[in-house]
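S.K.: Top line first, the protein sequences correspond to chains A and B.
In case it helps, our numbering puts the first sequence at residues 51 to 405.
In case it helps, our numbering puts the second sequence at residues 51 to 405.
Quick one: this structure, given as structure tokens, is what I'll be asking you about.
Protein chains: 2
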Amino acid sequence: MRPTVHDIAERAGVSLATVDRVLNDRPGVRGVTRAKVEGAIAELGYVRDVAAANLAKSRVYPLVFILPEGDNPFMRGLEDEVRRAGAHSMVERTQLSVVTVPAFDGRALAREIDGAIERAVAGIAAVAVDAPEVLAAIGRAREAGIPFVTLVSDLANSGRDHFIGVDNIAAGRTAGSLMGRFLGERPGPVAVLAGSMRVRDHGERLEGFLAAMSAMPVSRAVLPVLEGQDDPELSFGLIAKCLADVPDLAGIYSLGAGNRGLVKALAATGAARSLCVIAHEVTDETRAALEGGLVDAVLNQDAGHEVRSAIRVLRAKADGLPVIAAQERIRLEIFIKDNLPSEPGADDTPGAAGN
Amino acid sequence: MRPTVHDIAERAGVSLATVDRVLNDRPGVRGVTRAKVEGAIAELGYVRDVAAANLAKSRVYPLVFILPEGDNPFMRGLEDEVRRAGAHSMVERTQLSVVTVPAFDGRALAREIDGAIERAVAGIAAVAVDAPEVLAAIGRAREAGIPFVTLVSDLANSGRDHFIGVDNIAAGRTAGSLMGRFLGERPGPVAVLAGSMRVRDHGERLEGFLAAMSAMPVSRAVLPVLEGQDDPELSFGLIAKCLADVPDLAGIYSLGAGNRGLVKALAATGAARSLCVIAHEVTDETRAALEGGLVDAVLNQDAGHEVRSAIRVLRAKADGLPVIAAQERIRLEIFIKDNLPSEPGADDTPGAAGN
DNA sequence: ATTTTTTTGATTTACGTACATCAAAAACTC
DNA sequence: GAGTTTTTGATGTACGTAAATCAAAAAAAT
């Protein structure tokens, strides 16, 4: 059976009060006594019963998720997942809140991080922005002893506890390999639709894509990047023009969130029947396009898994417990039509409204 | 804040003892009193604090995993995952045990299920076998109020609480689609390596594969199934013979666990340079083959996720709590060389032994 | 109305831990 | 050795729930 604080007291020859002082780093214990207690803890392999401690303390873990605003479907899906998890999180003594900031606004993000620090939350998860003020804010959170997780978009050298997301270079490389395999020896250039090359994630995906394409047996041109700012109408226009201007176009890689415009352009021109199209993230649009044959493959990161992982990691850090690395590793999923899981809520009664 | 039993007592105008009797279905409560208490429970939205209850009861959840014996790498990996999870499961009041039975032995499996029922375990997870005595044993477990999860291999109409695994027809279809896409217009038949067609899972994968291949624009022969009994040497022989007998072979789909023999035959003959090879489950052999270019894609189900899911589902069922469907859905993963996650333990110091 | 049976309430103990209080013991200083 | 300071121990209360006991109250039966 598991050792308790009573066992420690007996093994070390001290009282419960002394054990409590050592376990919780309270003052009033001589070094020699502390050593005895710590020795007993180690010998017994004592692990705190966190559930019992939380009960005694009536502890609640307030966690905050800071997400970018806008109509990026993936981010909205991420927000939905947080809200869904939050609906029954009090059962696990967790209280989730969502704060949104303008996309790519480092200053606003830093401000919200500092706000969360002020409120003494138990942990922070944020989609990072490459900006010095964000770097500094993360540093302040860590100094205040608040666990910090970057979500989807990492920030190097930030001291964050954990990154939850996929490797974007590998993502691009995967897209390139698949594109090359699917196209085989069929000739013609490929186009790339990005949001903005100023975003590091997009740059990394392109880098990986180009590397993989250049390693393919068949040499193939990659056209200059189309920057659609993740805007549906702008993306639509760029793709439609490209389809018109490049009659021998062989494929399109959409590495950002402009998929609504892409899918619309493909459907409008009927071009997808002869193109290989690879996009990122399963959303309503890309799911429909995959099922309807407009898109050949979607590379996905599971927002639900990411949110659950963030919660688990922040909780583990707050409790000083180990993180199970294998469980928290986010896989880059490849979906074709045949392995696409059924839509969430597909089990619901047809008349049910939303989910 | 969360309502407690005290709030129920006050709301219903009864004592704590009565609330306890109602909550725990103990005798000695009139119907009219019970209705009052249940009304208060509903109005308050009371949800039991399972952690507090477990503390009061010193509860432990003994769970048993019944797995097939043998050197099937996937099953051994599954067993490793259970043992790994069991190493620190007491922290969560869970006690995992593994029982192995001869592969495909329905009688032995039924006997172990009954043994677990006798020991009054909190839940059972088993790789199912299609046999009437197994069906009956699962029925007995359910009658005894013991939650039952089928793992990897399901059993229809068994009354099990949950299936944790992938859809094998979809798996076969995915393999067929990928094979067709990767081969493009390149001519030549494809071969299928199975364990045994007597195993329903293998039959389903073949079914899906054939359906997808026949839907491809290019018509392509599928050779009669090679049944290697998941034996490395038998599989080696069958593949080597096939490679010698069919010089225009275009691809191989390995739907079972004979991959060690397959990979060895490919390496020995140098045939893989001109073949498209798709296999199932990431194991040491398939990982190396994928990285070395002998295999083009591996379709995988994550054993670690499956074990964690089984534990979560069994715990939730034992507690009478809801199962989060999205979290417990096992995805059919497609791995090519570029999105293959680094090997578990790859973060360890190079000198570290095993893991 | 009386007797018998059933229901209800009050109370205690328990789980493992957190945290506070204050007297007693030990250690330190002069 | 006396006085002062620090450390330690004993104890109580708390968290939310489980479970047992027995007296008192309520309901049912005669």
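We treat Cβ as the ideally placed atom computed from N, Cα and C, and that holds for glycine.
May I ask you to verify whether the region 321 to 334 of chain B touches the region 289 to 308 of chain B, counting CB pairs closer than 8 Å and requiring at least 3?
M.R.: The region 321 to 334 of chain B vs the region 289 to 308 of chain B: in contact.
S.K.: Who are the near neighbours of A62/A in its chain, counting only those whose CB is closer than 6 Å to its CB and skipping five residues on each side?
M.R.: One-based indexing of the first sequence puts residue 62/A at position 12. Taken in chain order, the residues that qualify are K86, V87, A90.
S.K.: Have a look at A191/B and E142/A and give me their C-alpha separation to the nearest angstrom.
M.R.: Numbered from its first residue, the second sequence carries residue 191/B at position 141. Numbered from its first residue, the first sequence carries residue 142/A at position 92. When rounded, the distance between both Cα atoms is 29 Å.
S.K.: Judging by CA-CA distance, which residue of A181/A, N74/A, A375/A is the nearest neighbour of R157/A?
M.R.: As a first step, residue 157/A must be located in the first sequence, where it is residue number 107. Of the candidates A181/A, N74/A, A375/A, the one whose C-alpha sits nearest the C-alpha of R157/A is A181/A.
S.K.: For D346/B and F232/B, which I take to be in contact (beta-carbon distance under 8 Å), what is that distance rounded to the nearest angstrom?
M.R.: Locating residue 346/B in the second sequence gives position 296, where the first residue counts as 1. Locating residue 232/B in the second sequence gives position 182, where the first residue counts as 1. D346/B to F232/B, Cβ: 6 Å. Contact.
S.K.: Mapping DSSP to helix, strand and coil, what is G404/A?
M.R.: Counting from 1 along the first sequence, the entry for residue 404/A is found at position 354. Its pLDDT being 29, under 50, G404/A is placed unreliably by the model, and the measurement read from it follows with that caveat. Here G404/A sits in coil by DSSP.
S.K.: Determine which residues share a DSSP beta bridge with Y111/A and list them.
M.R.: Position 61 of the first sequence holds residue 111/A. Beta-bridge pairing links Y111/A to T144/A.
S.K.: Can you have a look at V82/A and say buried or exposed, based on whether 16 or more other CB atoms are within 10 angstroms of its CB?
M.R.: The sequence position of residue 82/A within the first sequence is 32, counting from 1. With fewer than 16 Cβ atoms within 10 Å of its Cβ, V82/A is classed as exposed.
S.K.: Which word fits D121/A, buried or exposed, when buried means at least 16 other C-beta atoms lie within 10 angstroms of its C-beta?
M.R.: Residue numbering aside, residue 121/A sits at position 71 when the first sequence is read from its first letter. Exposed is the call here.
S.K.: Pull up the distance between the alpha-carbon of Q145/A and that of L113/A, whole angstroms please.
M.R.: Taking the first residue of the first sequence as position 1, residue 145/A is located at position 95. Taking the first residue of the first sequence as position 1, residue 113/A is located at position 63. Going by the C-alpha atoms only, they are around 6 Å apart.
S.K.: Please state whether the Cβ-Cβ distance between A360/A and I214/A is less than 8 Å.
M.R.: Position 310 of the first sequence, counted from the first residue, corresponds to residue 360/A. Position 164 of the first sequence, counted from the first residue, corresponds to residue 214/A. Going by C-beta atoms, A360/A is nearer than 8 Å to I214/A.
S.K.: Contact check, A221/B vs A187/B under 8 Å by CB: the rounded distance?
M.R.: By 1-based counting over the second sequence, the position of residue 221/B is 171. By 1-based counting over the second sequence, the position of residue 187/B is 137. Their Cβ separation, rounded to whole angstroms, is 27 Å, which puts A221/B and A187/B out of contact at 8 Å.
S.K.: Can you give me the Cβ contacts of F385/B inside the same chain, cut-off strictly under 7 Å, excluding the 5 residues immediately before and after it?
M.R.: Stepping through the second sequence from its first residue, residue 385/B is reached at position 335. Once the five neighbours on either side are set aside, the close Cβ partners of F385/B are V332, L340, A347, V348, N350.
S.K.: For I116/B, which residues does DSSP report across the bridge?
M.R.: Mapped onto the second sequence, residue 116/B falls at position 66. DSSP output for I116/B lists V149/B, A176/B as bridge partner(s).
S.K.: Comparing alpha-carbon positions, which option in D75/A, E235/A, V216/A lies nearest V268/A?
M.R.: Counting from one through the first sequence, the residue named residue 268/A turns up at place 218. Of the listed residues, the one whose Cα sits closest to V268/A is E235/A.
S.K.: Going by C-alpha distance, which of M51/A, R52/A, L390/A is nearest T224/B?
M.R.: Here residue 224/B is taken as the residue at index 174 of the second sequence, counted from 1. The candidate whose alpha carbon is nearest that of T224/B is L390/A.
S.K.: Based on Cα-Cα distance, which residue from L312/B, V240/B, S108/B lies nearest to A262/B?
M.R.: As a working mapping, residue 262/B is identified with position 212 in the second sequence. It is V240/B.
S.K.: Give me the chain A residues within the contact set of Q377/B, using Cβ-Cβ distance strictly less than 9 Å, ordered along the chain.
M.R.: By one-based count along the second sequence, residue 377/B stands at place 327. Going along chain A in sequence order, the residues near Q377/B (Cβ under 9 Å) are G354, H355, R358.
S.K.: Taking the alpha carbon of G320/B as the point to measure from, which residue in E393/B, L276/B, E131/B, I289/B has its own alpha carbon closest?
M.R.: As a working mapping, residue 320/B is identified with position 270 in the second sequence. That would be I289/B, whose Cα lies nearest to the Cα of G320/B.
S.K.: Taking the beta strand (DSSP E) that V54/B belongs to, which residues open and close that run?
M.R.: What you label residue 54/B is simply residue 4 of the second sequence in a count that begins at 1. Residue identity check: residue 54/B is Thr in the sequence provided, not Val. No beta strand (DSSP E) contains T54/B, which DSSP labels as neither H nor E.
S.K.: Would you call the region 170 to 181 of chain B and the region 361 to 372 of chain B in contact, with 3 or more CB pairs under 8 Å?
M.R.: Contact holds: three or more Cβ-Cβ distances are below 8 Å.
S.K.: Please name the residue or residues paired with I214/A in a DSSP beta bridge.
M.R.: Translated into positions along the first sequence, residue 214/A becomes position 164. Note: I214/A sits in a beta bridge opposite L201/A.
S.K.: Closer than 7 Å, Cβ to Cβ, to anything on chain B: give me those residues from the region 126 to 139 of chain A, in chain order.
M.R.: The region 126 to 139 of chain A vs chain B, Cβ under 7 Å: nothing.
S.K.: Note down, in chain order, each residue of its chain lying with its Cβ closer than 7 Å to the Cβ of V72/B, except the 5 sequence neighbours on either side.
M.R.: Sequence index remark: in the second sequence, residue 72/B carries index 22 (1-based). Same-chain partners within the cutoff: V79, R84, V87, E88.
S.K.: Rounded to whole angstroms, what's the CA-CA distance from N405/B to E119/B? Just pull it up for me.
M.R.: As a working mapping, residue 405/B is identified with position 355 in the second sequence. As a working mapping, residue 119/B is identified with position 69 in the second sequence. Any reading at N405/B must be qualified, since the residue scores a pLDDT of 27, below 50, and its modelled position is unreliable; the value itself is stated next. Whole-angstrom Cα-Cα distance: 21 Å.
S.K.: Rounding to the nearest angstrom, what Cα-Cα distance links S147/B and G165/A in this structure?
M.R.: To locate residue 147/B, count along the second sequence from 1; it is residue 97. To locate residue 165/A, count along the first sequence from 1; it is residue 115. If I take the Cα positions, the gap works out to 47 Å.
S.K.: Closer than 8 Å by beta-carbon distance: list the chain B residues that pair up with S227/A, in chain order.
M.R.: What you label residue 227/A is simply residue 177 of the first sequence in a count that begins at 1. Those within 8 Å of S227/A in chain B are I386, K387, D388.
S.K.: When the Cα atoms are used, what is the spatial distance from G278/B to I302/A?
M.R.: The residue given as residue 278/B occupies position 228 in the second sequence. The residue given as residue 302/A occupies position 252 in the first sequence. In a straight line, the C-alpha of G278/B is about 41 Å away from that of I302/A.
S.K.: Assign K314/B to one of two classes, buried (16 or more other C-beta atoms within 10 Å of its C-beta) or exposed (fewer than that).
M.R.: Mapped onto the second sequence, residue 314/B falls at position 264. Classification of K314/B: buried, given that the 10 Å Cβ count is 16 or more.
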